[in-house]
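S.K.:
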Amino acid sequence: MAVETPAVARTRRLSLLRVLGPIHIWGLGVGIVLVGEFMGWNFTVAKGGVFGGLVACWFAGILYSCVAMIDSEVSSTVASAGGQYAQAKHIIGPLAAFNLALFIIFEYVMLEAGDSIVVGAIMENVSSEFSATPWVVLTIAVLTFLNYRGVTLALTVNYIITAIAFITILLLLFGNWGNFFTEWLFTTEIGGKNPEMPYGWLGILAALQFGIWYYLGIEGTCQTAEECRSAPRALPIGTMSGLVTLLIAATITWYVATGLVDWVTLGSSAYPLYDAALNTGKDWLIVALFIGTVLSCLASANGCINDASRAWFAMGRDQFVPRFFGGVHPRYKSPYRSILFLVPIAIAFAYTGLLDQVITFSIISGCLIYAVMPINIIRFRRLYPMGSIRRGYVYPFHPYPAFVLALFVALTFIAIYFGYWRNLVGAMAFYILASLWFTFHRYRMVDRSKLYTMPWPRPKGY
Amino acid sequence: MSIEEVMNYVAWVVAIALLAWMVVDALRVEVTYDRDLLVSSVEGEIEKEILATDEEAALREHARAMTDTDTEVTRESTVHRDQQAPPGGGS
Chain A
263 MAVETPAVAR TRRLSLLRVL GPIHIWGLGV GIVLVGEFMG WNFTVAKGGV
313 FGGLVACWFA GILYSCVAMI DSEVSSTVAS AGGQYAQAKH IIGPLAAFNL
363 ALFIIFEYVM LEAGDSIVVG AIMENVSSEF SATPWVVLTI AVLTFLNYRG
413 VTLALTVNYI ITAIAFITIL LLLFGNWGNF FTEWLFTTEI GGKNPEMPYG
463 WLGILAALQF GIWYYLGIEG TCQTAEECRS APRALPIGTM SGLVTLLIAA
513 TITWYVATGL VDWVTLGSSA YPLYDAALNT GKDWLIVALF IGTVLSCLAS
563 ANGCINDASR AWFAMGRDQF VPRFFGGVHP RYKSPYRSIL FLVPIAIAFA
613 YTGLLDQVIT FSIISGCLIY AVMPINIIRF RRLYPMGSIR RGYVYPFHPY
663 PAFVLALFVA LTFIAIYFGY WRNLVGAMAF YILASLWFTF HRYRMVDRSK
713 LYTMPWPRPK GY
Chain B
202 MSIEEVMNYV AWVVAIALLA WMVVDALRVE VTYDRDLLVS SVEGEIEKEI
252 LATDEEAALR EHARAMTDTD TEVTRESTVH RDQQAPPGGG S
């Protein structure tokens, strides 16, 4: 009879399951983001008009192309759970890593709460006798259950519902082919203003903060780096193909929505693509877009649970928060403690029903991640020049994409400041207080000898 | 009571059941498994595996090159010997 020796027993370890391929990464990235095509982006039209919406779409497209390229290079090299957290830990330092983890967690937990609020609101719209609260809690519970049972189940479901939601956008385009942009949309001054650029270039600047709705969350693909069968292959392919999908979806969304709904109605719509489907007068398209709207919310919330839990898990593993949260389920190989810990937080924020506040906090947190990325990649290339370590993907034209990203993020922050300066100041105050807590209290408990695990050579200049 | 109100209650029941199942399962794991085992996951295993694979590949490449060299040397020496051997001779 074989007897396990004590030495073998001591070295036994649990780890996250390595099962994901590029298709799962695509589903995760697009799934989180696609809800932004079904709602939210249309506020660009309220601020910048029809053309302002298009400029914001392209502006955000360039910003996120830079994000995806930079993220693909670093995450295909630092292939660890926590994504940008692990990257910053190895490249910038522990305080930056701690802050990035918080940005990631709040970006995704808030987005999850926002998605579930929308599901509740949709149910109330279906019938006034439906109550939003049970459907909000049910959404979070079901999706948490999927994530608890393992990443394969969660992201396979995500891939399927994301693909269906994307197809509904294509259906709206081809199902109503030839009937977009009727004369009255542009020749009539609806709301007493020219629909093309009602507030000029200042309006377009104000629209930039909502333009990121088209792509917000694509950077979450690298949270599952540790669960990819081959991270250097799956992450760049999944992220880049996801971004291309979103660029197509965003352009189609702008085209069909501005071609079917007047700019004033569109600028204040809760469900712009669904409203566009209503204006076609075709029942099958209306049903398809209703399904697409619900599925996009579910896919987004599902991906958010996945990403937020990985960031919290990674912090737990490094003792930035109690080590307890670095636990892995022995059967499902999921970070089950982190997944469960974030449930009451998501429900609490969803229970407030303050969709605009919740989403604004998510957007600000996302922009803070993008603000650190240029610093991260420039430092990464300086410390570890080409050829010094193995890279799964090398992004082109360095350092220009990093500079473009920094400039565009600065413009977005200016736009956010104009519209939501209180939220911005509040968020910054929160993160500064958290940083003080980490620096003067928590970091003392961290075992620094176990913090840097990458078997890389000594950085250049050290 | 309308069908919508019934569905509201069903949503509550399903949500609470799922959350309760996860909490019970998590508690079962806590009491069944060793605490150190549950938090034994470490960062960087992938990178080490990649490097190990590279190292193995390099070793295989080296071994193949050595084998090829040996074969080449053997072949050359055979050819050399054959050239030196008298035609048709050897026996």
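Order-wise, the sequence lines are chains A and B. Its first residue numbered 263, the first sequence is counted upward by one per residue in this note's numbering. Its first residue numbered 202, the second sequence is counted upward by one per residue in this note's numbering. Note that beta-carbon positions come from the ideal geometry of N, C-alpha and C, so glycine has one too.
#1: Within 10 angstroms of the Cβ of residue 614 of chain A, are there 16 or more other Cβ atoms? Answer buried if so, exposed if not.
#2: Closest to residue 518 of chain A by C-alpha separation, out of A:368, A:712, A:440 and A:670, would be which residue?
#3: How is residue 357 of chain A classed by DSSP in three states: helix, strand or coil?
#4: Thinking C-alpha only, which one of A:461, A:480, A:652 and A:710 is nearest residue 629 of chain A?
#5: Specify the secondary structure class of residue 528 of chain A as computed by DSSP and reduced to three states.
#6: DSSP state of residue 278 of chain A, grouped into three classes?
#7: Mind checking whether the beta-carbon of residue 682 of chain A lies closer than 6 angstroms to any heavy atom of the ligand NAD?
#8: Once DSSP output is grouped into helix, strand and coil, what is the label at residue 648 of chain A?
#9: How would you label residue 672 of chain A, buried or exposed, when you count the other beta carbons within 10 angstroms and need 16 or more for buried?
#10: Mind checking if residue 533 of chain A is an interface residue toward chain B, Cβ cutoff 7 angstroms exclusive?
#11: From residue 606 of chain A to residue 597 of chain A, what distance separates their C-alpha atoms?
#12: Using a beta-carbon distance below 7 angstroms, is residue 212 of chain B in contact with chain A?
#13: As a quick exercise: from A:559, A:604 and A:587, pick the residue whose alpha carbon is nearest that of residue 570 of chain A.
#14: Whole angstroms is fine: what's the gap from residue 263 of chain A's alpha carbon to residue 572 of chain A's?
#15: Residue 228 of chain B CB to nearest chain A CB: under 7 angstroms?
#16: Strictly under 7 angstroms for the Cβ-Cβ distance: is residue 342 of chain A near chain B by that measure?
#17: For residue 543 of chain A, count neighbouring C-beta atoms within 10 Å of its own C-beta (all shown protein chains included) and say buried if the count is 16 or more, exposed if not.
#18: Given that residue 215 of chain B touches chain A, what residues does it touch there, using C-beta distances under 7 angstroms?
#19: Whole angstroms is fine: what's the gap from residue 687 of chain A's alpha carbon to residue 701 of chain A's?
#20: Quick check on residue 223 of chain B - is its C-beta less than 7 angstroms from some C-beta in chain A?
#21: Specify whether the stretch 375-385 of chain A and the stretch 584-594 of chain A touch according to this definition: at least 3 beta carbon pairs, one from each stretch, less than 8 angstroms apart.
#22: Should residue 210 of chain B go down as buried or exposed, given a rule of 16 or more other Cβ atoms within 10 Å for buried?
#23: What does residue 590 of chain A touch in chain B if you count any residue whose Cβ is under 7 angstroms from its own?
#24: Does any residue of chain D bring its CB to less than 7 angstroms from the CB of residue 439 of chain A?
M.R.: Quick look at the numbers:
#1: exposed
#2: A:440
#3: helix
#4: A:480
#5: Correct three-state label for residue 528 of chain A: helix.
#6: Of the three classes helix, strand and coil, the one that applies to residue 278 of chain A here is coil, per DSSP.
#7: Among the components modelled here there is no ligand, and therefore nothing to report on the ligand NAD.
#8: Strand.
#9: exposed
#10: Output row for residue 533 of chain A: interface = no.
#11: 16 angstroms
#12: yes
#13: A:604
#14: Interpretation of residue 263 of chain A is limited by its pLDDT of 39, a score under 50 that renders its predicted location unreliable; the figure taken from the coordinates is listed afterwards. Approximately 40 angstroms, taken between the alpha carbons.
#15: no
#16: yes
#17: exposed
#18: 400
#19: So the alpha carbons of these two residues sit roughly 21 angstroms apart.
#20: Interface residue, yes.
#21: no
#22: exposed
#23: 239 and 242
#24: Of the chains in the structure shown, none is chain D; the protein chains are A and B.
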